[in-house]
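Sequential numbering from 166 applies to the sequence shown in the numbering used here. All C-beta atoms, glycine included, are put in the ideal place defined by N, C-alpha and C. Please read all numbers here as calculations on a predicted model, not as lab measurements. Only one structure is covered here, and it is reproduced in the block below.
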Amino acid sequence: MERLYLILNSQGEALAQAVLESPRITEVVQLRLTEETELDFLQVGEIQCIGLDNSSASMRGTVTMQRGERLVIRPGAMLGAEARENLRILTDFESVMYPVTGFWKGQQPIRGHDLSCGGVAFFTEKQLKVGEVVQLVLPVTDSPLLLRTRILRRLEKNEEPIPLYAARFVDLCLDEEFAIRKAVFSIQVSRPRPKAPAQ
166 MERLYLILNS QGEALAQAVL ESPRITEVVQ LRLTEETELD FLQVGEIQCI
216 GLDNSSASMR GTVTMQRGER LVIRPGAMLG AEARENLRIL TDFESVMYPV
266 TGFWKGQQPI RGHDLSCGGV AFFTEKQLKV GEVVQLVLPV TDSPLLLRTR
316 ILRRLEKNEE PIPLYAARFV DLCLDEEFAI RKAVFSIQVS RPRPKAPAQ
């Protein structure tokens, strides 16, 4: 199975997706980009390579050679699982949520604000309590997922009259984790790419 990686610059902006071609991360790592790019990775400086799969090690590194869609990277520091968890993307989707903890009944509309591998922020007119658990439909994965989330806090967004809440996914199975991560990777890479620094 191909080991898919997301390549980000030092500011955390997604640059490309790539497949690891080395047997593992050693002194020299080879990646193959999944799409053509005009970006000169030699000018980017330090990059982060975040593995899609739990078994794929993530790292910082520097591109030492670029030939077509192939990159050679000199690895630096290894990154822990939190590197995947902290990937956060702005997203805009319409969906619904349902109560679990029983503070209210029925179905409530929500609008997505951002998404990470560990949670989601969304707007809703329904007043929610910190610690409350709700189920929401996440429509940005390959197939929509019905996920349990715990409300962490209300966020301040001055220009928005509708309340914005941050929530963490709870009780995810491995397939759900993978589907969310895959969606985060795909949305990241579909964003406009940052330009390489000028010479």
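Given residue i as reference, the closest of the options once Cα atoms are compared
i	options	result
Pro188	Leu173, Val298, Leu311, Ser221	Ser221
Gln273	Ser281, Leu280, Gly283, Gln292	Gln292
Pro328	Ile238, Asp340, Phe287, Glu201	Phe287
Gln300	Gly267, Asp218, Cys282	Gly267
Val265	Leu311, Leu255, Ile238, Gly284	Leu311
Glu192	Lys270, Ala242, Ala181	Ala242
Thr306	Thr202, Cys214, Phe350, Gly216	Phe350
Ser175	Glu211, Leu280, Leu207, Glu341	Glu211
Cys282	Pro304, Phe343, Val228	Phe343
Leu303	Gly277, Glu167, Val228	Gly277
Asp205	Ser308, Val228, Glu186	Val228
Val194	Gln213, Gly284, Glu321, Lys270	Gln213
Beta bridge counterpart(s) of residue i as assigned by DSSP
i	result
Asp279	Leu255, Ala286
Gln300	Tyr263, Arg313
Pro328	According to DSSP, Pro328 bridges with nothing at all.
Pro274	Val261
Arg249	Arg249 pairs with nothing; no bridge assigned.
Phe334	Thr314
Assigned secondary structure, residue i (DSSP; H/G/I helix, E/B strand, else coil)
i	result
Ala344	helix
Val295	coil
Leu339	helix
Gln182	strand
Arg168	coil
Phe268	coil
Gln176	coil
Lys322	coil
Val349	helix
Continuous beta strand (DSSP E) assignments of at least 3 residues falling wholly in the stretch 193-246: 194-198, 211-216, 223-232, 235-244
Three or more C-beta pairs below 8 Å linking the stretch 258-272 and the stretch 227-239: no
The stretch 310-321 in contact with the stretch 332-349 per 3-pair CB rule at 8 Å: Short answer: they touch.
contact_flag[the stretch 292-302, the stretch 246-256] where n(CB pairs < 8 Å) is 3 or more: no
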